[in-house]
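Asker:
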């Protein structure tokens, strides 16, 4: 008897915004940002198929990857629908005029209510893990982020994070380096739990100047009401997005 097809479909992804140039969606945790040699489902392929289906497009459909989210991370993610938009948005990422804000639930509470973390991360590709260094070392890249403590619940803390650089596993590794690993992130030191659970990291907001109109646009997403996210309130999540307001047209 054939098993039920439970492969992910782009049709179940909430669309935050769409026009002829941009597509902002909520990425589910567990899906790759783009295809790799595992041939497992990825966002680019799923969105291409969704656009073909929704608009009855023949032939190839263009979906340009603008930024990446680690596979276990969900939340707001932006894609380009034309090559011109992809080029301009990629330049925004390179020039650091692309805002990325995250929320995370971490074990313990950081020593400071807010701080800027600056480390140097070196990736071990064979183990798919990064090591954190306090000073430059060969093969390491500078990693900078700002965090703010938003709320506490027992031994867990909700933090808002603004990335100033975009390194692989950056938030996971840097928060672990200050003694606050993300909940369920066993790779970076979180306590073991039964079952495979998504790490407590969510892309809460992405902001960028529209590639054509130049209007500043911000796309926001809140995490699902499941543990550990359910330990915090809607007000907590709204407050988390107030620390670094959208730059608007300024």
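In the UniProt record's numbering, the protein residues as written are 1 to 250.
Even glycine gets a Cβ: it sits at the ideal position worked out from N, Cα and C.
For residue 259, does the three-state DSSP call read helix, strand or coil?
Answerer: Outside the displayed span of the chain (1 to 250) sits residue 259, for which this structure offers no information.
Asker: State whether the segment 50-60 contacts the segment 188-206, with contact taken as three or more CB pairs (one from each stretch) at a distance under 8 Å.
Answerer: Because the criterion of three Cβ pairs below 8 Å is not met, the segment 50-60 and the segment 188-206 do not touch.
Asker: How big is the Cα-Cα spacing for residue 110 and residue 28?
Answerer: So the two alpha carbons sit approximately 28 Å from each other.
Asker: Select from 67, 193, 62, 131 the residue whose C-alpha is nearest the C-alpha of residue 97.
Answerer: When only C-alpha atoms are compared, the closest one is 67.
Asker: Exposed or buried, which one is residue 124 when buried takes at least 16 other CB atoms within 10 Å?
Answerer: Residue 124 is exposed by the Cβ-count criterion.
Asker: To which residues of the same chain is residue 62 closer than 7 Å at the C-beta, ignoring the five residues directly before and after it?
Answerer: Same-chain partners within the cutoff: 81, 82, 83.
Asker: Which partner residues of residue 46 appear in the DSSP bridge assignment?
Answerer: According to DSSP, which records beta bridges pairwise, residue 46 is partnered with nothing at all.
Asker: Between residue 179 and the rest of its own chain, which residues show a CB-CB distance below 7 Å, the 5 nearest in sequence each way excluded?
Answerer: Closer than 7 Å at Cβ, skipping near neighbours: 108.
Asker: Confirm, please, whether the CB-CB distance from residue 211 to residue 78 is below 8 Å.
Answerer: No, the Cβ-Cβ distance between residue 78 and residue 211 is not below 8 Å.
Asker: Report back the beta-carbon spacing between residue 26 and residue 221 to the nearest angstrom; my notes put them in contact at under 8 Å.
Answerer: Right, the Cβ-Cβ distance comes to about 5 Å (below 8 Å), so this counts as a contact.
Asker: Residue ranges of each beta strand (DSSP E) run of no fewer than 3 residues wholly in the UniProt domain "Pseudouridine synthase RsuA/RluA-like" (21-177), ordered along the chain?
Answerer: Listed in chain order, the complete beta strand (DSSP E) runs (minimum 3 residues) inside the UniProt domain "Pseudouridine synthase RsuA/RluA-like" (21-177) are 22-27, 74-80, 99-107, 114-124, 129-133, 141-153, 156-163.
Asker: So, are the CB atoms of residue 105 and residue 183 less than 8 Å apart?
Answerer: Yes, Cβ-Cβ distance for residue 105 and residue 183 is below 8 Å.
Asker: Could you tell me the alpha carbon to alpha carbon distance between residue 70 and residue 19, rounded to whole angstroms?
Answerer: Each residue's alpha carbon lies about 26 Å from the other.
Asker: Using a Cβ-Cβ cutoff of less than 7 Å, which residues in the same chain neighbour residue 232 once the five nearest sequence positions on both sides are dropped?
Answerer: 151, 153, 158.
Asker: What residue from 119, 127, 126 has the CA that sits closest to residue 140's CA?
Answerer: The shortest C-alpha separation from residue 140 is found at 119.
Asker: Between residue 171 and the rest of its own chain, which residues show a CB-CB distance below 8 Å, the 5 nearest in sequence each way excluded?
Answerer: 102, 104, 145, 161, 163, 182, 201.
Asker: Under DSSP, the beta strand (DSSP E) around residue 208 begins and ends at which residues?
Answerer: First-last of the beta strand (DSSP E) with residue 208: 201-209.
Asker: Take the Cβ of residue 237 as the centre, count every other Cβ of all protein chains shown within 10 Å, and call the residue buried at 16 or more, exposed below.
Answerer: By the 10 Å Cβ count, residue 237 comes out buried.
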